[in-house]
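Each residue of the sequence shown is one higher than the last, beginning at 286 in this note's numbering. Quick notes on the structure that follows.
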Amino acid sequence: MPKGYQYKTKIEKRMSRIQSWLIGTLALIALALIGWNLSNLNENASSPIVDDGHPTYQTQEATSFVYDPEGKLAYKLVADDVQNYTETKLTWFTKPILTTFAPNSTSETPTWTVRANKAKLTNDKMLYLYGDVQLDSLTDASQLQRITTENATVNLVSQDILSDDQVTLTGVGLKSVGMKMRGNLRNKTAELIEKVTTHYEIPNEQPNP
Numbered sequence: 286m287p288k289g290y291q292y293k294t295k296i297e298k299r300m301s302r303i304q305s306w307l308i309g310t311l312a313l314i315a316l317a318l319i320g321w322n323l324s325n326l327n328e329n330a331s332s333p334i335v336d337d338g339h340p341t342y343q344t345q346e347a348t349s350f351v352y353d354p355e356g357k358l359a360y361k362l363v364a365d366d367v368q369n370y371t372e373t374k375l376t377w378f379t380k381p382i383l384t385t386f387a388p389n390s391t392s393e394t395p396t397w398t399v400r401a402n403k404a405k406l407t408n409d410k411m412l413y414l415y416g417d418v419q420l421d422s423l424t425d426a427s428q429l430q431r432i433t434t435e436n437a438t439v440n441l442v443s444q445d446i447l448s449d450d451q452v453t454l455t456g457v458g459l460k461s462v463g464m465k466m467r468g469n470l471r472n473k474t475a476e477l478i479e480k481v482t483t484h485y486e487i488p489n490e491q492p493n494p
């Protein structure tokens, strides 16, 4: 065999080994990069938002105004303390006072005040009232003047109200007590359920002189 041919074969074999080594090295680098990217994706996907039980923000002596889609004042909420939790989408109020307004009024006429020791507002506009709940009508023409109970729930959109605790209704010339209640603040209605008792107050007539 010619010597030149043998020399060429040796060079080709050496180049082949170098190419194989380069390909193997690049393959290892590529695998390492893929593994690193996957590990980062897994870490990002499995990293939850930290919920340490503390509010996302807190403020004291807060007043909030909420308007309907037409720009009219729907209700005002005043509280001694407000704590918002972003993770659970809950807001807690201490000593809240909620004032509702007539939807068709042009002068922002208040209709009800709602008080409690504590309140919880959820993301779907449900207000849960806890402790010494009292609702007072601000409309002179309303036959229903006051609602008192221990706990109640108000839908701030529809203004439906319900309570599964004992409820006392005070109206014009009467006082009723029941074990549960369903009603609507906008319609000024309330229905007592289970073991309802009603006491009527007859005004004393002044004797003719």
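The C-beta atom is built at its ideal place from N, Cα and C for all residues, glycine as well. For clarity, every value in this text was computed on a predicted model and none was experimentally measured.
Beta-carbon proximity check, residue 358 vs residue 378, cutoff 8 Å: Stepping through the sequence shown from its first residue, residue 358 is reached at position 73. Stepping through the sequence shown from its first residue, residue 378 is reached at position 93. Taking C-beta atoms as the reference points, residue 358 and residue 378 fail to come closer than 8 Å.
Residue(s) in a DSSP beta bridge with residue 467: Taking the first residue of the sequence shown as position 1, residue 467 is located at position 182. Residue pairing for residue 467: DSSP places it in a beta bridge opposite 447 and 476.
Pair within 8 Å by beta-carbon distance, residue 456 and residue 478: Locating residue 456 in the sequence shown gives position 171, counting from the first residue. Locating residue 478 in the sequence shown gives position 193, counting from the first residue. No, the pair does not count as a contact, with Cβ atoms beyond the cut-off.
Nearest neighbour of residue 397, chosen from 465, 339 and 362 [CA to CA]: Counting from 1 along the sequence shown, the entry for residue 397 is found at position 112. Proximity to residue 397 across 465, 339 and 362 peaks at 362, based on C-alpha coordinates.
Closest by C-alpha distance to residue 473, when choosing among 444, 369, 451 and 458: In the sequence shown, the residue the question calls residue 473 occupies position 188. Among 444, 369, 451 and 458, the Cα nearest to that of residue 473 belongs to 444.
Opening and closing residue of the beta strand (DSSP E) in which residue 406 lies: One-based indexing of the sequence shown puts residue 406 at position 121. Its beta strand (DSSP E) spans residues 403-406.
One or two residues paired with residue 383 in a DSSP bridge: As a first step, residue 383 is located in the sequence shown; it is residue number 98 there, counting from the start. When DSSP reads this structure, residue 383 sits in a beta bridge with 362 and 399.
Rounded separation between residue 430 and residue 346 - CA only: In the sequence shown, residue 430 corresponds to position 145, counting from 1. In the sequence shown, residue 346 corresponds to position 61, counting from 1. Those two C-alpha atoms are separated by around 28 Å.
Among 484, 427, 352 and 459, nearest to residue 388 - alpha-carbon criterion: For the purposes of this step, residue 388 is identified with residue 103 of the sequence shown, where counting begins at 1. Minimum Cα distance to residue 388 is reached at 352.
Three-way DSSP call (helix, strand, coil) for residue 440 in this model: As a first step, residue 440 is located in the sequence shown; it is residue number 155 there, counting from the start. Assignment of residue 440 by DSSP, reduced to helix, strand and coil, places it in the strand class.
Check whether residue 440 and residue 415 have beta carbons under 8 Å apart: Stepping through the sequence shown from its first residue, residue 440 is reached at position 155. Stepping through the sequence shown from its first residue, residue 415 is reached at position 130. Taking 8 Å as the Cβ cut-off, residue 440 and residue 415 do not qualify as a contacting pair.
Proximal residues to residue 368 (C-beta, below 6 Å), its chain only, five neighbours per side dropped: Translated into the one-based positions of the sequence shown, residue 368 becomes position 83. Within the same chain, residue 368 has close Cβ partners 340, 343 and 377.
Spatial neighbours of residue 406 in its chain, beta-carbon cut-off 6 Å, leaving aside the 5 residues before and after: Counting from one through the sequence shown, the residue named residue 406 turns up at place 121. The residues are 376 and 412.
Contact set for residue 475: own chain, Cβ-Cβ below 7 Å, skip 5 residues either direction: Counting from 1 along the sequence shown, the entry for residue 475 is found at position 190. Excluding sequence neighbours, residue 475 sits near 429, 432, 454, 466 and 468.
Residue 434 beta carbon less than 8 Å from that of residue 447: Within the sequence shown, numbered from 1, the residue matching residue 447 stands at position 162. Within the sequence shown, numbered from 1, the residue matching residue 434 stands at position 149. If you check the CB distance, residue 447 and residue 434 do not come in under 8 Å.
Distance between residue 399 and residue 421 (C-alpha atoms, nearest Å): The sequence position of residue 421 within the sequence shown is 136, counting from 1. The sequence position of residue 399 within the sequence shown is 114, counting from 1. Looking at the two C-alpha atoms, the distance is approximately 7 Å.
Within 8 Å, strictly: CB atoms of residue 374 and residue 402: By one-based count along the sequence shown, residue 374 stands at place 89. By one-based count along the sequence shown, residue 402 stands at place 117. No, the pair does not count as a contact, with Cβ atoms beyond the cut-off.
Separation of residue 417 from residue 384, as counted between CA atoms: Against the sequence shown, residue 384 aligns to sequence position 99. Against the sequence shown, residue 417 aligns to sequence position 132. The straight-line gap from Cα to Cα measures roughly 17 Å.
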